[in-house]
Each structure stands twice: as C-alpha cells, then as structure tokens.
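Here's the structure, in structure tokens; my notes come after.
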Amino acid sequence: MSLELRHLRVLCAISDTGSLTRAATLLGTTQPALSAQLQRIERIIGGRLFERDRHGARPTPLGDFVLARARTVLSGMDELLLGAAARPAGGPVRLGGVDGPILVGLVDRLGDLLGGREITSYADAAPRLLCDLVAARRLDAAVVVDYVGHELRPVPPLRQEQVAAEPVFVALAAGHPLAGRSELDLADLAGEAWVLSPSDGGGWPECFRTACHRAGFVPRAPHQAADAWTIREIVISGRAIAPCRATFAESAGLVIRPLRGDPLVMRHLRVWHPQGGLAAHVPAVRDLAARVFADHARERPRYREWRSR
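If you use our numbering, the sequence shown corresponds to residues 589 to 897, in order.
Now the structure itself:
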C-alpha cells in the first residue's frame, strides 16, 4: 500500500475536526472504517500520527510534521487542477511527467512539431497521479515510468505505449571496495547501506525490495531522499550506495556499475487520452520521445556499454 492524496485528505479531516467520529461523518464513512484506514496510513508512514482519547484526536509531533506537508501537497494539487480546468480550447499543450530528460526534451522540441504552439509542463514523481490527471483531461499527455514485474495499468480509456527501457544500475562512491568491478551481483551488496527515493505509488521501491529478496537479502536503507542531488552527495560521501537509472550521470567521486542479469528494468511510457489534445499526433510524439531519450542516453557511457553487450 502506498500513500495517496486521499490519505492526506483523511489526515487533514481528522485534524480539522479533532475527532475520528466527526471526520468520518465529513468523509461519508464510518468511525471504525476510518480508524482502520488511519492505522494503515500510520503503518505506511511508520509512526503514530494522532493521540486519541475521550476528548478527541490531537496530532503527535510526527503528525504535525506530516500534516504541514500534506496541506502543502493538497494546496498545490488544488491549484493545479483549478488552473488546468480553466484552460481555453486551443490553449497551451500541457505535458506531465516524472522528473527526467524525456519530459524536458519534449517541452523543448514539441513546439516545433505542433507549429509553435506553447508547451507547458508539470513534473511529479507519482506515475498514478499523472495518469489520473491525463484521465481527467487536466494534462494532454504524460511520460511516466514503471518496472518490469510491477507494470502500470492505466484505467480505460487511457492509452499507453513504451518509449524506451533501461536497467537499474547501482551508484557507488569512487573509493568503494567494489567500485573497481565492471559488473556487480545484487547479492554482493547484501551488507550495504542504501539510500532510496520515496515510494512513487507505482511500484518503487517495492520492485527494488522484491529484487533484493530474490537475491537473498533484505536491504538496509537508513537514508531516504527525493532528489538526485541529495542522493548523489550521500553516495559520494560513502555513507550509502543507491539504485539508479542506467543513464544516471557519473561524476567526480561517483561511479555507476551495472547489475549482472538486469534484475530490475525501468520502462518509460507515454500515456494519453484518446480524446486529448495530442491524440492526433500519437506516432510523431512517440518517435520524438524516443529520440529525446536516445540523445540523452548517448551521453552516458555505462548505458552505451549495456546496450552493446
């Protein structure tokens, strides 16, 4: 189970009403059902979010931390949806995508394909959220990712097609004892500390943990970071290693090594609505997205080595 926007709304309702009973009434559910849902949310987050007694429900310190960020997320989403709903016909083409080179490249190049039409973008780490926004016609299309064995299945009438695929490699400090190897077995990394990006609601990091389980170990992940810069710095410091895209750039102090047998493969997908603003340009946008990825990958020697095997 992954944290979703509806879970954040549940937490805010409990905080705003000060009572699970009143929050249940507000949300149109029962108190026992809401209590069970809160327990599931607390298990995802890893701690108690509310102190509950006969006087009601009060946020714990962890609850205050989560609620502050939940309100920011919900406010931003409401702003996004309001702005998207107000778009006039024939206005800018709005693209969504996970943070990465395909989204940026499409924003740079799609305008020429569409005769100079303005292109705007919305980046998010959650593939399912992006699919929901395309389904609601808030976005014209989105570029998302999933993982082999944890495939994303958009709800009809959405359409999807694969743009590219790349394996998941591992990033290590240049001075790491295993950095001199040209290829690593995932099982060789059983004793390592990892830095992982948070759940994206679309299969990560569950697919990584599954791959580790198949390799015979449970990964120890004392660090979590949502942005590539922080992950890079933690790895360079030697505090942890990290799973990463094959196209993740090497830099001073950091090396990328492939995993033998490709235990994890990431797919880049384009998702669109059959009545959306880009439905008439499906082959052209697909080909452009593939070229954008190929141009980016061409600059990554580890990915080129993997392709040439």
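Think of the CB as a built atom: it goes at the ideal place given N, C-alpha and C, for glycine as much as any other residue.
- CA-to-CA, the gap between residue 623 and residue 853 works out to about 38 Å.
- Counting other Cβ atoms within 10 Å of its Cβ, residue 632 stays below 16 and is therefore classed as exposed.
- Within the stretch 850-885, the runs of beta strand (DSSP E) that reach at least 3 residues and sit entirely inside it are, in chain order, 853-860.
- Judged by DSSP secondary structure, residue 717 falls within the alpha helix (DSSP H) whose first and last residues are 715-723.
- A direct Cα-Cα distance of roughly 22 Å separates residue 871 from residue 720.
- By alpha-carbon distance to residue 770, the top candidate from 701, 758, 724 and 878 is 758.
- Judged by their CB atoms, residue 809 and residue 777 are not nearer to each other than the 8 Å cut-off.
- Spanning the alpha carbons of residue 803 and residue 863 requires a straight line of approximately 44 Å.
- Within the same chain, 761 come within 8 Å of residue 825 by CB-CB distance, once the 5 residues on both sides are set aside.
- Secondary-structure assignment with DSSP links residue 730 through a beta bridge to 684 and 859.
- The residues 834, 846, 847, 850, 852, 853, 854 and 894, in chain order, have a CB closer than 8 Å to that of residue 755 in the same chain once the five nearest residues on each side in sequence are set aside.
- If you draw a straight line from the Cα of residue 812 to the Cα of residue 703, it is about 43 Å long.
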